[in-house]
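Quick note: the sequence shown uses this note's numbering, first residue 170, plus one each step.
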Amino acid sequence: MRLYQLALEQGITIGPGYMFSITDSYRNFIRLNYSSPWSPEIEQAVITVGKLAAACMR
């Protein structure tokens, strides 16, 4: 949930994995969705999520 909150603060919405399972199997996963053609903005958002995830692991 920390990654979700940090991403949300950056204007990026991700789906915590547990939302897509009836078990706790995916608590350490996220779901990335986008419904637009690939763009520099989407690429930057993915890079940002990666950096935030790395920061959460420290």
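Note that beta-carbon positions come from the ideal geometry of N, C-alpha and C, so glycine has one too.
Secondary structure note for arginine 171: its alpha helix (DSSP H) is the uninterrupted segment 171 to 178.
DSSP places methionine 226 inside the alpha helix (DSSP H), whose first and last residues are 209 to 226. By the C-beta criterion, the region 172 to 182 is judged to be in contact with the region 216 to 223, since at least 3 inter-stretch pairs fall below 8 Å. The C-alpha of phenylalanine 189 is placed about 22 Å away from the C-alpha of methionine 226.
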